[in-house]
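Engineer: Under the numbering used here, read the sequence shown as residues 2 to 245, first letter to last.
Glycine included, C-beta positions come from ideal geometry on N, C-alpha and C.
Source: prediction; values computed, not measured.
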Amino acid sequence: MTALHRAHVAAVPFENLDVVLGRPVPLDLKSLQAKLVERRRGGYCYEQNSLFAAALERIGFQVAGRGARNRSRGATLPPVTHALLAVTVEGEQWLADVGFGWQGLLEPVPLRDGARVEQGGWTFGVHVEDEGVHVLRSLRPGGWKDLYAFSPQAYHPGDFTVLNHYSSSHPQSRFLGQVVAQRPGAGAGRSLLRATFSILRPDGSAEERILTADELAATLETEFGIELDAEERAGLERLHEEGA
2 MTALHRAHVA AVPFENLDVV LGRPVPLDLK SLQAKLVERR RGGYCYEQNS
52 LFAAALERIG FQVAGRGARN RSRGATLPPV THALLAVTVE GEQWLADVGF
102 GWQGLLEPVP LRDGARVEQG GWTFGVHVED EGVHVLRSLR PGGWKDLYAF
152 SPQAYHPGDF TVLNHYSSSH PQSRFLGQVV AQRPGAGAGR SLLRATFSIL
202 RPDGSAEERI LTADELAATL ETEFGIELDA EERAGLERLH EEGA
């Protein structure tokens, strides 16, 4: 499972381009394979972890969905909008998540209190709070930073469909009105938010620059491996000019 997780993260970027282009985001397996594999596009957590779960189940792993609250943006209490996986391997549960973006895991993490792993220069840990709430954390120069928190409650495909509807259409969703593309990696994570391209390293050093409309499509391809067709390219350039 570790090799599959690392390969998926390396090959499939996190992105919300269909949402900002006003397109539907189907979660059926045929659509996911066509988009993420055949068309060399990316997707966000529901798409990526649904596809990864199907692959793991096909080769015999026991997989269960989980729903998490994102804690990476401060002390607010957001709704449960992130989808991840709990995978059982030889009686032990592991946290697998190929769809959290540039801050996300490169490999699975043991789903137990106090677990700590190093992956490509990044350090991740699991902490269990009251009522069995699990928290995935990342060690930064200033100390541990919570990424997201989730309960042991199982989530099913229908639950992911509801979360996907919120994230792709609700006015308060962070995926509406702004281009998001991200990719974790050994030694550096990359992010494109609106027109700002950023690189963050485990030691806390960072760099960023503002992209022009002409640079947007090229950056999505070279930095994130996202191949756009002519219609997608034109739509994103138009949104860039409008400030999305």
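Examine the Cβ distances between the stretch 16-24 and the stretch 162-182 and report whether three or more of them are shorter than 8 Å.
Structural biologist: yes
Engineer: Going by the beta-carbon positions, is the gap between residue 69 and residue 167 smaller than 9 Å?
Structural biologist: Start at 1 with the first residue of the sequence shown, and residue 69 comes out as number 68. Start at 1 with the first residue of the sequence shown, and residue 167 comes out as number 166. No.
Engineer: Taking the continuous alpha helix (DSSP H) assigned at residue 49, which residues delimit it?
Structural biologist: Stepping through the sequence shown from its first residue, residue 49 is reached at position 48. 46-59 is the extent of the alpha helix (DSSP H) around residue 49.
Engineer: Per the DSSP calculation, residue 64 is bridged to which residue(s)?
Structural biologist: Against the sequence shown, residue 64 aligns to sequence position 63. Residue pairing by DSSP puts residue 64 in a beta bridge opposite 88.
Engineer: Is the distance from the Cβ of residue 155 to the Cβ of residue 67 below 9 Å?
Structural biologist: One-based indexing of the sequence shown puts residue 155 at position 154. One-based indexing of the sequence shown puts residue 67 at position 66. Yes. Within cutoff.
Engineer: For residue 72, which option in 29, 9, 101, 96 has the closest C-alpha, if you only look at C-alpha atoms?
Structural biologist: Walking along the sequence shown from the start, residue 72 turns up at place 71. Nearest option by C-alpha distance: 101.
Engineer: Can you find at least 3 beta carbon pairs, one from the stretch 74-81 and one from the stretch 104-118, that sit closer than 8 Å?
Structural biologist: no
Engineer: Are the beta-carbon atoms of residue 215 and residue 238 separated by less than 9 Å?
Structural biologist: In the sequence shown, counting from the first residue as 1, residue 215 sits at position 214. In the sequence shown, counting from the first residue as 1, residue 238 sits at position 237. Cβ atoms of residue 215 and residue 238: closer than 9 Å.
Engineer: Near residue 129, what residues of its chain come up, given a Cβ to Cβ distance below 6 Å and the 5 sequence neighbours on each side ignored?
Structural biologist: For the purposes of this step, residue 129 is taken as the residue at position 128 of the sequence shown. Excluding sequence neighbours, residue 129 sits near 114, 135.
Engineer: Rank 164, 240, 143 by C-alpha distance to the C-alpha of residue 206 and give the top, closest one.
Structural biologist: Indexing the sequence shown from 1 puts residue 206 at position 205. Selected option, being the one with the closest Cα: 143.
Engineer: Short check: CB of residue 226 to CB of residue 44, under 9 Å?
Structural biologist: On the sequence shown, residue 226 is found 225 positions in, with the first residue counted as 1. On the sequence shown, residue 44 is found 43 positions in, with the first residue counted as 1. For the pair residue 226 and residue 44, the CB atoms are not nearer than the 9 Å cut-off.
Engineer: In terms of residues, what are the limits of the beta strand (DSSP E) holding residue 241?
Structural biologist: The count along the sequence shown starts at 1 and reaches residue 241 at position 240. From DSSP, residue 241 is part of no beta strand (DSSP E) but of the alpha helix (DSSP H) over 231-243.
Engineer: Taking contact to mean 3 or more Cβ pairs, one atom from each stretch, closer than 8 Å, check whether the stretch 34-42 and the stretch 89-97 are in contact.
Structural biologist: no
Engineer: Would you mind listing the beta strand (DSSP E) stretches within the stretch 180-231 that are 3+ residues and don't spill past its ends, in chain order?
Structural biologist: 181-184, 190-194, 197-201, 207-211
Engineer: By the three-class DSSP mapping on this structure, what secondary structure does residue 159 have?
Structural biologist: As a working note, residue 159 is residue 158 in the sequence shown. In the structure shown, residue 159 sits in a helix (DSSP, three-state: H, G or I).
Engineer: Using the Cα positions of residue 211 and residue 243, report the straight-line distance between them to the nearest angstrom.
Structural biologist: Against the sequence shown, residue 211 aligns to sequence position 210. Against the sequence shown, residue 243 aligns to sequence position 242. Between the C-alpha atoms of residue 211 and residue 243 there is a straight-line separation of about 15 Å.
Engineer: Could you give the C-beta distance for residue 20 and residue 240, rounded to a whole number, given that I count them as a contact under 8 Å?
Structural biologist: Your numbering for residue 20 matches position 19 in the sequence shown. Your numbering for residue 240 matches position 239 in the sequence shown. That belief does not hold up - the Cβ atoms of residue 20 and residue 240 are roughly 11 Å apart, past 8 Å.
Engineer: Suppose contacts are defined by Cβ-Cβ distances below 9 Å. Is residue 125 in contact with residue 138 by that definition?
Structural biologist: One-based indexing of the sequence shown puts residue 125 at position 124. One-based indexing of the sequence shown puts residue 138 at position 137. Closer than 9 Å, so yes.
Engineer: Using only the alpha-carbon positions, how far apart do residue 123 and residue 201 sit?
Structural biologist: For the purposes of this step, residue 123 is taken as residue 122 along the sequence shown, with counting starting at 1. For the purposes of this step, residue 201 is taken as residue 200 along the sequence shown, with counting starting at 1. Spanning the two alpha carbons is a distance of roughly 11 Å.
Engineer: Grab me the residues of residue 169's own chain with a C-beta within less than 6 Å of its C-beta, minus the 5 sequence neighbours each way, in chain order.
Structural biologist: Within the sequence shown, numbered from 1, the residue matching residue 169 stands at position 168. Around residue 169: 20, 26.
Engineer: Quick one: what does DSSP say residue 154 is sitting in, helix, strand or coil?
Structural biologist: Within the sequence shown, the letter at position 153 stands for residue 154. Three-state DSSP puts residue 154 in coil, outside helix and strand.
Engineer: Hey, quick one: how far does the beta strand (DSSP E) through residue 137 stretch, first residue to last?
Structural biologist: As a position in the sequence shown, residue 137 is number 136, starting the count at 1. DSSP places residue 137 in the uninterrupted beta strand (DSSP E) bounded by 135-141.
Engineer: DSSP has residue 125 in a bridge; who is on the other side?
Structural biologist: Stepping through the sequence shown from its first residue, residue 125 is reached at position 124. Answer is 118, 139.
Engineer: Per DSSP, what kind of secondary structure is residue 106 in: helix, strand or coil?
Structural biologist: For the purposes of this step, residue 106 is taken as the residue at position 105 of the sequence shown. Three-state result, residue 106: coil.
Engineer: Following the continuous beta strand (DSSP E) through residue 78, name the residue where it begins and the one where it ends.
Structural biologist: The residue labelled residue 78 in the question sits at position 77 within the sequence shown. It is not in any beta strand (DSSP E) - residue 78 carries neither H nor E in the DSSP assignment.
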